[in-house]
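Sequential numbering from 263 applies to the sequence shown in the numbering used here. We put the beta carbon where it would ideally sit given N, CA and C, even for glycine. Computed from a prediction, not measured in an experiment: that's the story for all the values here.
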Amino acid sequence: MTRQLLQEPVQDLLQSLTNPDGPDLLSTFTTNPQPLAHEHGLPQLAPFLGRPFYGQEGVSTYFDLLSSHLQIENMTFESEETWVIDETCMGIALRGTGTFTWKETQQSWNETFFYRIKVAEDVSDDSEKNGSLKVSEYHVWADTGAAYLASLGKLNGTLE
Numbered sequence: 263m264t265r266q267l268l269q270e271p272v273q274d275l276l277q278s279l280t281n282p283d284g285p286d287l288l289s290t291f292t293t294n295p296q297p298l299a300h301e302h303g304l305p306q307l308a309p310f311l312g313r314p315f316y317g318q319e320g321v322s323t324y325f326d327l328l329s330s331h332l333q334i335e336n337m338t339f340e341s342e343e344t345w346v347i348d349e350t351c352m353g354i355a356l357r358g359t360g361t362f363t364w365k366e367t368q369q370s371w372n373e374t375f376f377y378r379i380k381v382a383e384d385v386s387d388d389s390e391k392n393g394s395l396k397v398s399e400y401h402v403w404a405d406t407g408a409a410y411l412a413s414l415g416k417l418n419g420t421l422e
């Protein structure tokens, strides 16, 4: 598997996250194998943290929870030359930045986050999609402390 082939499904995912006219988010994930979305952290801090979301429905639930609590703006990612790509395990690690706002309290923070994304061939009943490379695992490490404080309305006082 070449570096360029592995980058393409990740580029599609990032495009869907940053561009409303980009590809449909769920279409960037495999159907079989069952995809996984997991944002690491304590599940007590936010409903989208610390638990795995499996399957297309689970991935949809994760992003629905995320968007119901957070507004994300100015999301950018490091250039592809800096991505760590493991062709053997078909994985990519990369960093991004963005401005996050907890919707209920309107408290915002800038953060750098880390993605580890695994790619796999989609084994689909749809002959057009069968064998195409898609995202099969989406892991996120981010500033869960800032999200938690913002959810309580205590972030801005902490940063002053």
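I'd like to know whether the C-beta atoms of residue i and residue j end up nearer to each other than 8 Å.
i           : j           : result
residue 342 : residue 277 : no
residue 375 : residue 345 : no
residue 378 : residue 353 : yes
residue 311 : residue 304 : yes
residue 366 : residue 413 : yes
residue 279 : residue 337 : yes
Please identify the residue among the options whose C-alpha is closest to the C-alpha of residue i.
i           : options            : result
residue 416 : 368, 288, 317      : 368
residue 410 : 384, 332, 336, 357 : 332
residue 386 : 273, 296, 266      : 296
residue 383 : 351, 347, 408      : 351
Would DSSP call residue i helix, strand or coil?
i           : result
residue 273 : helix
residue 363 : strand
residue 382 : strand
residue 264 : coil
residue 394 : coil
residue 355 : strand
Original post:
Taking contact to mean at least 3 C-beta pairs separated by less than 8 Å, is the segment 285-293 in contact with the segment 383-402?
Top reply: yes
**OP:** Identify every run of the alpha helix (DSSP H) within the segment 286-350, keeping only runs that are complete inside it and at least 4 residues long; order them along the chain.
**Re:** 317-331
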